[in-house]
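Asker: As they're listed, the protein sequences go chains A and B.
Counting in the working numbering, the first sequence runs from 1 upward without gaps.
Counting in the working numbering, the second sequence runs from 1001 upward without gaps.
Note that CB positions come from ideal geometry on N, CA and C, so glycine has one too.
It should be emphasised that the depicted structure is a prediction, and the values quoted were computed from it without experimental measurement.
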Amino acid sequence: ETGVTQSPTHLIKTRGQQVTLRCSSQSGHNTVSWYQQALGQGPQFIFQYYREEENGRGNFPPRFSGLQFPNYSSELNVNALELDDSALYLCASSLAASGNTIYFGEGSWLTVV
Amino acid sequence: AQSVTQLDSQVPVFEEAPVELRCNYSSSVSVYLFWYVQYPNQGLQLLLKYLSGSTLVESINGFEAEFNKSQTSFHLRKPSVHISDTAEYFCAVSDWGKTSYDKVIFGPGTSLSVIP
């Protein structure tokens, strides 16, 4: 077990709605990253937060946004949900230093109908 | 941009037989390499990683991978698989320090099915 916890584990939303996913980092980790894993594919990097600011972003539109709180927990927000947003959303935490391993949570399964 | 290729999408193998899961990455510059395993309906677990030093790295459950810089490969091997090894395996690469953030790039995954 990695110590990274995510909620909710499963949820269903309607196209056009908004969703918030939550993540608690492993103790002592100050960096949080979010990944999207579509069915049958590898995870894709969405963005990373360090010291409560976004410091890196993958190829995702602005309707994907996030927050990091002083206790290093994090939220992923997705607005105007589309059917293709259906995926497993993975949170990963790490210490901000080269070579440090990132540890993943169990993920939140989002289904958009 | 970095990319990761896993040549086999599915690998069936009989129990106690050896297995090799292939992985190639796009860049020959300094990178860190990882293998992650994902059991059904679960998140990703780190299996092993190469950061520097010995090119052969081992996991606690009998897997090993060898970093080959000239071939830009990081193939995963196990001499004798068990039913419990059935899972999705992801090769991943990170060029830590090249950007202001740490980004891991994953391959598409290889589904290992161990047949009794």
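Going by DSSP, which residues form a beta bridge with B:Lys1049?
Answerer: According to DSSP, which records beta bridges pairwise, B:Lys1049 is partnered with B:Phe1034.
Asker: Would you call A:Glu106 buried or exposed, if buried means 16 or more other Cβ atoms sit within 10 Å of its Cβ?
Answerer: Flag for A:Glu106 reads buried.
Asker: Between the alpha carbons of B:Lys1103 and A:Ser7, how many angstroms are there, rounded?
Answerer: Spanning the two alpha carbons is a distance of roughly 23 Å.
Asker: Measuring only the C-alpha atoms, how far is A:Ser93 from B:Pro1116?
Answerer: Answer to the nearest angstrom: the Cα atoms are 37 Å apart.
Asker: Is the stretch 1083-1091 of chain B in contact with the stretch 1107-1116 of chain B, if contact means three or more CB pairs nearer than 8 Å?
Answerer: Segments in contact, yes.
Asker: For a contact meaning CB atoms closer than 8 Å, what does A:Glu106 contact in chain B?
Answerer: Ordered by position in chain B, the residues that pass the 8 Å Cβ test against A:Glu106 are Gln1042, Gly1043.
Asker: Secondary structure at B:Ile1083, three-state DSSP: helix, strand or coil?
Answerer: If DSSP states are grouped into helix, strand and coil, B:Ile1083 belongs with the helices.
Asker: Leaving out five residues before and five after A:Asn143 in sequence, what residues of the same chain have Cβ atoms less than 6 Å from its Cβ?
Answerer: Since the first and last residues shown for chain A are 1 and 113, residue 143 of chain A lies out of range.
Asker: Taking the alpha-carbon of A:His10 as reference, which of A:Leu95, A:Tyr89, A:Phe60, A:Thr101 has the nearest alpha-carbon?
Answerer: Nearest of A:Leu95, A:Tyr89, A:Phe60, A:Thr101 to A:His10, Cα basis: A:Tyr89.
Asker: In three-state DSSP terms, what is A:Leu39?
Answerer: Correct three-state label for A:Leu39: coil.
Asker: Assuming A:Asn71 and A:Arg51 form a contact by the criterion Cβ under 8 Å, report the distance between their Cβ atoms to the nearest whole angstrom.
Answerer: A:Asn71 to A:Arg51, Cβ: 12 Å. No contact.
Asker: Hey, does A:Phe45 have any beta-carbon neighbour from chain B nearer than 9 Å?
Answerer: Yes, A:Phe45 counts as interfacial toward chain B.
Asker: Helix, strand or coil for A:Leu83, going by three-state DSSP, please let me know.
Answerer: A:Leu83 falls in the helix class under three-state DSSP.
Asker: Would you kindly check if the distance between the Cβ of A:Asn55 and the Cβ of A:Gln48 is under 9 Å?
Answerer: Yes; because the gap between Cβ atoms is below 9 Å, this pair is in contact.
Asker: When burial is assigned at 16 or more other CB atoms within 10 Å of the CB, is B:Lys1078 buried or exposed?
Answerer: Under this definition B:Lys1078 is a buried residue.
Asker: Can you grab the Cα-Cα spacing for the pair A:Glu53 / B:Val1019, in whole Å?
Answerer: The straight-line gap from Cα to Cα measures roughly 43 Å.
Asker: Quick one: which chain B residues come within Cβ less than 8 Å of A:Gln41?
Answerer: Per Cβ cutoff of 8 Å: Pro1108, Gly1109.
Asker: Which chain B residues sit within Cβ distance under 9 Å of A:Thr111?
Answerer: The contacting residues do not exist; A:Thr111 stays about 14 Å from chain B at best.
Asker: Got a sec? Which residues, its chain only, sit under 8 Å from B:Phe1063 by beta carbon, not counting five neighbours each side?
Answerer: Excluding residues within five positions, the ones whose Cβ falls inside 8 Å are Trp1035, Leu1047, Leu1048, Leu1076, Arg1077, Lys1078.
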